[in-house]
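Residue numbers (the working numbering), protein chains in the order written: chain A, 1 to 462; chain B, 463 to 714.
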């Protein structure tokens, strides 16, 4: 056994516990956080459905360590504290101690004391080292969803003010700020950007492709990850081109009161998750749209798909992802991609949020195979893919750059290197930012691109 | 003297422990069902209530589809052949053998069945004695391997608590004394004493079933669907939590 592992193992037992050194909490850590944490935990258990869930989980963890080989973070560090089950145990132990009779009894018998600020610090550091990719669930014989346990821990922590600043500031702008989106883009700037993109599209395609704004009574109300307007303009142009080419040019719209699909609530707070979903539904209803169309964004797609039915009131609008839509159109014969334009090889990265449950795995592959001849799969792929390393909101936390490059994204970097293709297709704003940085950091030869960016080059207009 | 104790242990004490187990496990199941029911009651649009990932293909409002995917998920892990090689294959195989041995042997052991027949008048076909012996030895061997795995595997050792080792040790005692009791001639210890330890350890395991991680015998099927189910939160609950903690003016 190497000295490095011995060292890390020793630190579990004896351990001067590290506090936050890799990301920043707004206003510093709260005082007396152990007590505050228990109060917040009690409030969360009182009003949500989580109590029977945690009850069940805390009674049935087998501690078999089969999840260790599934976690990309643990594979990179080898640190036992990165084992998914170990992380869940931190919060399940607190749950047992304060909210179950057996835990209370054991605490008395064993003479254990209360939890301390250090325990909260360890928990807080641990839960933000998880990319919430849910890969561990695939090999847990007990079916314990460690990503959900981590989510609950993050939610309780957020109620006592322990949230990475980057996530909190973005969500505050989205829910309480004047621009109502995470990147604080004012409507004027949005209109300018769209006008500029329309000119670009005219140059590239020779067609007058428009971005309809605030059009009422259309079928599709479009919510991309708002960062696309700043960083991934080509993806948006691809989206618009698909709508135009399939005869839906006047059948979709972007709402000016809310045009952001991003939902950081999915990562750290059910409260914000609910409010953001409600805003999306509200905007769709204002425009009398029939359907919520999500752009190339993994977590926006999943949060809308999973929670619009829960928080959207009666008869919530259906949610579809732009890749599902494109494939539907292809199968109806309305969308044709020219197979002779792109002669480079490509591989496809599955964003965890849409691929893990098997929802969007085959759709993009069918689209890609229809116009790219040299398609290479990474292994493993599909529902068992590796996370890009920036999931669970970590990609937004700049202080975690080193962690994402050297630990979270290490496996993905290997996979991309092994695939050795010209393009890496990643249809998720989150993954795009992370993989772009990974390719630069690890000096890989592939080029990162979105699916709709490629489709834009190959679309055949009638 | 020893035989008196033995009579007590496998008479009234056994009945008490067995009933404790049945009621305890029943309580867990009922609590979980109530939890599911409350979660259901708090959801506004019940049309969308499902027992499987919402993203899965198929009509999510089709009850047949729901129960089918749910059952498929449970069956897949009840007989987890497909998953063995994905992670720690040796441990996984030993673990499966261990489970089969410790479930089959006590239920289908001839001597146990005779006791049931004498006590409640119900019997069922049992295993031939030799096969039962083999299964018992297999169980003992697999317990030793699992114990060593917990001690030697870097990850499993960190996760394991005292309870995980003690439970394995308890099951080892039950099967070890059971083997000796079935072959008194081989036993170095007095028959009655062996039997007493066997029965007491068995009774202890009944008591521990609903109290320890052994509860997975009944909670296992619920776990499979829980994460999709319990994350469907009652609308408005986020406001309630925030207002309770930070007052009506709670901010992001």
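Backbone N, C-alpha and C fix where the C-beta goes; we use that ideal spot for every residue, glycine too.
Since this is a predicted model, take the numbers as computed values, not measurements.
Using a Cβ-Cβ cut-off of 9 Å, residue 551 of chain B is close to nothing in chain A; its nearest Cβ partner there is about 10 Å away. The beta carbons of residue 95 of chain A and residue 54 of chain A sit about 5 Å from each other, so the pair counts as a contact at 8 Å.
With its beta carbon at least 7 Å from every one in chain A, residue 466 of chain B lies outside the interface.
Around the Cβ of residue 219 of chain A, a 10 Å sphere holds fewer than 16 other Cβ atoms; the residue is exposed. Residue pairing by DSSP puts residue 223 of chain A in a beta bridge opposite A/294. Between residue 104 of chain A and chain B, the shortest Cβ-Cβ separation is not below 7 Å. Fewer than three Cβ pairs drawn from the region 297-310 of chain A and the region 199-213 of chain A lie within less than 8 Å of each other, which leaves the two stretches out of contact. Contacts with chain B at 7 Å (Cβ-Cβ) do not include residue 164 of chain A. Under DSSP, residue 319 of chain A takes part in a beta bridge, and its partners are A/292. Rounded to the nearest whole angstrom, the CA to CA distance from residue 438 of chain A to residue 416 of chain A is 10 Å. Listed along the chain, the chain B residues whose CB falls inside 9 Å of the CB of residue 256 of chain A amount to none; the nearest CB is some 22 Å away.
Neighbours of residue 649 of chain B across chain A, judged by C-beta separation under 9 Å, do not exist; the nearest C-beta is about 33 Å away.
The DSSP assignment places complete alpha helix (DSSP H) segments of no fewer than 4 residues inside the region 160-202 of chain A at 165-176, in order along the chain. One Cα belongs to residue 113 of chain A, the other to residue 42 of chain A, and the distance between them is close to 19 Å.
Annotation for residue 677 of chain B: no alpha helix (DSSP H) segment contains it, and DSSP assigns it neither H nor E. Here residue 201 of chain A has 209 and 237 as same chain residues with Cβ atoms under 6 Å from its own Cβ, once five neighbours each way along the sequence are excluded. By the rule that beta-carbons nearer than 7 Å mark a contact, residue 47 of chain A touches chain B.
Residue environment analysis places residue 489 of chain B among the exposed positions, since fewer than 16 neighbouring C-beta atoms fall within 10 angstroms of its C-beta.
With its beta carbon at least 7 Å from every one in chain B, residue 330 of chain A lies outside the interface.
The C-alpha of residue 366 of chain A lies about 25 Å from the C-alpha of residue 138 of chain A.
Beta-carbon to beta-carbon, residue 355 of chain A and residue 372 of chain A are separated by about 19 Å, too far to satisfy the 8 Å threshold. In the three-state reduction of the DSSP assignment, residue 134 of chain A falls in the coil class. Contact check for residue 348 of chain A against residue 425 of chain A passes: the beta carbons are separated by less than 7 Å. Checking the DSSP bridge columns, you'll see residue 692 of chain B has no partner listed. Contact between residue 391 of chain A and residue 131 of chain A holds: CB atoms are separated by about 4 Å, below the 8 Å threshold. Apart from sequence neighbours up to five positions away, the residues of its chain that approach residue 589 of chain B with a beta-carbon distance below 6 Å are 570, ordered along the chain. Annotation for residue 314 of chain A: no alpha helix (DSSP H) segment contains it, and DSSP assigns it neither H nor E. For residue 375 of chain A, the three-state secondary structure derived from DSSP is strand.
Its chain contains 636 as the residues whose beta carbon lies nearer than 6 Å to that of residue 664 of chain B, once the 5 sequence neighbours on both sides are disregarded; these appear in chain order.
Contact annotation: the region 401-409 of chain A does not touch the region 558-576 of chain B, with fewer than three C-beta pairs closer than 8 Å. The secondary-structure analysis by DSSP pairs residue 252 of chain A across a beta bridge with A/220. Residue 115 of chain A sits in coil when the DSSP states are folded into three classes, being neither helix nor strand.
Inter-residue distance for residue 699 of chain B and residue 164 of chain A is about 23 Å (C-alpha atoms, whole angstroms). In this model, residue 212 of chain A and residue 133 of chain A are separated by some 35 Å (Cα to Cα).
Within chain B, the residues 545, 548 and 549 have their CB atoms less than 7 Å from the CB of residue 139 of chain A, given in chain order.
With respect to residue 229 of chain A, residue 256 of chain A sits apart: the two C-beta atoms are not nearer than 7 Å.
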